[in-house]
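Protein chains: 2
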Amino acid sequence: MVFDTRPLSKKKATYIRQLSLKKYRLQENAFVLEGEKNIQTLLTSSYAIRWIVGTAAFFMKQQVLFEGLSYPIACFEADTALLSTLGSLQHNHDVLAVVDIPKKITEPILSGITLALDNIRDPGNLGTMMRIADWYGITNILCSNTTVELYNPKVLQASMGSFLHVQVHYVDLYPYLQQLQIPIIGATLQGSNVHHFCFPNQGILVVGNESHGIDYEIEKLCADTVTIPAYGHVESLNAAMATAIICDNWRRSLQPLFPPPMRP
Amino acid sequence: MVFDTRPLSKKKATYIRQLSLKKYRLQENAFVLEGEKNIQTLLTSSYAIRWIVGTAAFFMKQQVLFEGLSYPIACFEADTALLSTLGSLQHNHDVLAVVDIPKKITEPILSGITLALDNIRDPGNLGTMMRIADWYGITNILCSNTTVELYNPKVLQASMGSFLHVQVHYVDLYPYLQQLQIPIIGATLQGSNVHHFCFPNQGILVVGNESHGIDYEIEKLCADTVTIPAYGHVESLNAAMATAIICDNWRRSLQPLFPPPMRP
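Note that the protein sequences, when read in sequence, are chains X and P. 3 is the number of the first residue of the first sequence in the numbering used here; add one for each residue after it. 3 is the number of the first residue of the second sequence in the numbering used here; add one for each residue after it.
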């Protein structure tokens with residue numbers, strides 16, 4: 003082995019378990035990331051890793067990953083039984099990392115499409131929305147301070163590594179949007195048909211709370227609102243699903259206009 | 003009260019708890035549906051309800067729902083503490099129903115867009131796909147026999163009542179698709195760009211397993227395959243998310259062609 007691993011102490015195991023709670027994450031300024039694929043991507047990112055805890059098999063297999071690192075990382079060995087008690091995942095108990103929460107970026111530089119999330123409460127939804135943003139090349143997400151915390155284990159899990167590519171900024175959403183000079187488009191149930199809407203080249207897509215939609219004051223800031231046309235009985239789509247569909251429509255509208263294909 | 007309710011017996015409570023397992027659902031030919039909104043819709047459907055178990059407050063509030071029924075339903079009273087031990091929901095412990103699993107429909111009549119799910123394993127995904135189908139007016143879903151069971155509580159919960167509007171047929175997918183005379187389109191990672199693809203007026207959209215995609219033999223039955231163009235780093239979209247986006251593209255392509263909006 004090109005690096006040393008020590009057995010994980012009980013004290014450190016307790017510390018890691020505590021980080022499943024938001025209170026401790028904020029106090030310790032650290033979060034836990036689980037899963038081999040996530041750790042692989044993490045090692046190529048600019049995040050500061052404090053510890054890596056993995057099985058002997060993981061360290062053997064992934065030796066090469068650690069060879070190119072510009073700084074040493076404290077590595078600890080634990081078996082899968084112990085690892086499964088430390089994290090939140092139901093499977094994938096080979097490795098986890100304790101990572102510094104990065105300092106706040108003072109001011110996001112917005113370009114192209116930006117997502118703004120008003121009071122999204124479900125961690126799975128936030129994670130999925132980050133994955134969608136990443137898919138559509140959206141690099142900034144503005145979150146209201148009431149939106150679920152980024153480093154919640156369920157958010158990280160649902161984001162499938164996208165949190166390493168997408169910048170998430172927690173802001174006081176109303177005043178933040180108010181001072182912007184770019185068009186704001188709200189996703190609502192009574193807006194323009196998203197299939198015919200003429201999206202701007204640059205803008206903000208605001209998606210509201212799962213039950214209550216966009217805050218009334220924030221909706222007033224929207225230059226336009228858009229709606230996905232419904233053809234059936236169901237009253238609403240899940241917020242992440244609606245985000246995916248609207249982002250797809252926005253993206254396709256920005257492409258150089260091809261002649262429409264002939265219908266057979 | 004216009005109808006009688008009796009307290010729920012211990013024996014019936016045990017019976018209901020057992021229905022959380024597939025084995026008992028198949029043996030007893032019954033499933034459990036939870037939540038006030040679901041029950042409201044259920045009462046207007048053709049499903050045969052065996053029992054309704056609710057709080058006194060639920061029966062008081064919803065009296066009018068029961069007045070229009072053409073057949074009597076056995077109603078049992080339980081408090082929220084007991085109800086919370088019977089079902090699978092984390093919230094919404096006001097009411098649940100024990101419902102007969104309907105007899106198999108011999109032959110689905112396919113028209114417009116039909117969804118075919120090849121080995122979807124995640125109950126949340128199946129439920130979400132039913133909600134998407136319902137949104138886009140898709141009335142039939144063909145499921146491979148390896149796809150997660152429709153009456154799994156997590157499927158019903160994620161479907162948000164859409165299982166009452168969408169017909170789900172479990173079939174031996176390969177021979178079933180093989181004998182169809184309508185075009186089959188597969189969702190893959192190397193297909194035609196979904197933004198430019200010319201969708202037929204009628205057809206089947208095949209979505210494959212979350213990890214392995216569409217079965218090789220089934221993919222060979224596809225007249226075409228489509229892909230959602232990616233603009234970022236993430237390798238794949240969740241299967242339900244991809245289904246939503248492709249259904250949206252298919253639906254919008256079937257609309258009377260409007261002149262494209264002028265870009266500002």
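Each residue gets a CB set at the ideal place from its N, CA and C atoms; glycine is no exception.
Residue 167(P) reaches chain X at 234 and 235, counting residues in chain order whose Cβ is nearer than 7 Å. Residues 7, 8, 9, 10, 55, 56, 57, 58 and 61 of the same chain have their beta carbon placed closer than 8 Å to that of residue 79(X), with the five preceding and five following residues left out of the count. Residue 99(P) is positioned such that its CB atom lies no closer than 8 Å to that of residue 191(P). Within the stretch 88-117 of chain P, the complete beta strand (DSSP E) segments of 3 residues or longer fall at 97-102, listed in chain order. Between residue 235(X) and residue 136(P), the C-beta gap is smaller than 8 Å, which places the two residues in contact.
Under the three-state reduction of DSSP output, residue 189(P) falls in the strand class. By alpha-carbon distance to residue 167(X), the top candidate from 49(X), 86(X) and 118(X) is 49(X).
At a cut-off of 8 Å between C-beta atoms, residue 197(X) counts as an interface residue with respect to chain P. Among the residues facing chain X, residue 257(P) is included, as its CB has a counterpart in that chain under 8 Å away. Residue 177(X) sits in a helix when the DSSP states are folded into three classes. Residue 79(X) carries a strand assignment under DSSP once its states are collapsed to helix, strand and coil.
For residue 35(X), no alpha helix (DSSP H) segment is defined; the enclosing uninterrupted segment is the beta strand (DSSP E) at 32-36. Counting only residues of its own chain and dropping the five nearest sequence neighbours on each side, residue 27(X) has a CB closer than 8 Å to the CB of 21, 33, 103, 151 and 153. Between residue 228(X) and residue 196(X), the gap from beta carbon to beta carbon is short of 8 Å. The stretch 111-124 of chain P and the stretch 209-217 of chain P touch, with three or more beta-carbon pairs separated by less than 8 Å.
Short of 7 Å from the beta carbon of residue 185(P), and not among the five residues preceding or following it, lie these beta carbons of its own chain, in chain order: 202, 205 and 225.
Assigned with DSSP and collapsed to three states, residue 226(P) falls in strand. In this structure, the alpha-carbon of residue 52(X) lies about 22 Å from that of residue 83(X). Fully contained in the stretch 133-169 of chain P are the following beta strand (DSSP E) runs of length 3 or more, in chain order: 142-146. In the DSSP assignment, residue 16(X) falls within the unbroken alpha helix (DSSP H) covering 12-20. 8 Å or more divides the Cβ of residue 101(P) from the Cβ of residue 143(P). No Cβ of chain P is located within less than 8 Å of the beta carbon of residue 189(X). The Cβ-Cβ distance between residue 39(X) and residue 129(X) does not fall below 8 Å. Less than 8 Å divides the Cβ of residue 19(X) from the Cβ of residue 88(X). Membership of residue 248(P) in any beta strand (DSSP E) is not indicated; the residue belongs instead to the alpha helix (DSSP H) covering 241-255. One thing to note: residue 115(P) has its Cβ no nearer than 8 Å to the Cβ of residue 245(P). The beta carbons of residue 188(X) and residue 219(X) sit about 12 Å from each other, so the pair does not count as a contact at 8 Å. At least 8 Å separates the CB of residue 127(P) from every CB of chain X.
When rounded, the separation of the alpha-carbon atoms in residue 172(X) and residue 110(X) is 10 Å. Of all alpha-carbon atoms in 29(P), 146(P) and 177(P), the one lying nearest the alpha-carbon of residue 117(P) is that of 146(P).
Residue pairing by DSSP places residue 56(X) opposite 79(X) and 97(X) in a beta bridge.
Annotation: the continuous beta strand (DSSP E) that includes residue 209(P) extends over 205-209. Taken atom to atom, the span from the alpha-carbon of residue 15(X) to that of residue 85(X) is near 9 Å.
The contact set of residue 239(P) on chain X, defined by CB atoms closer than 8 Å, consists of 133, 134, 137 and 246 in chain order.
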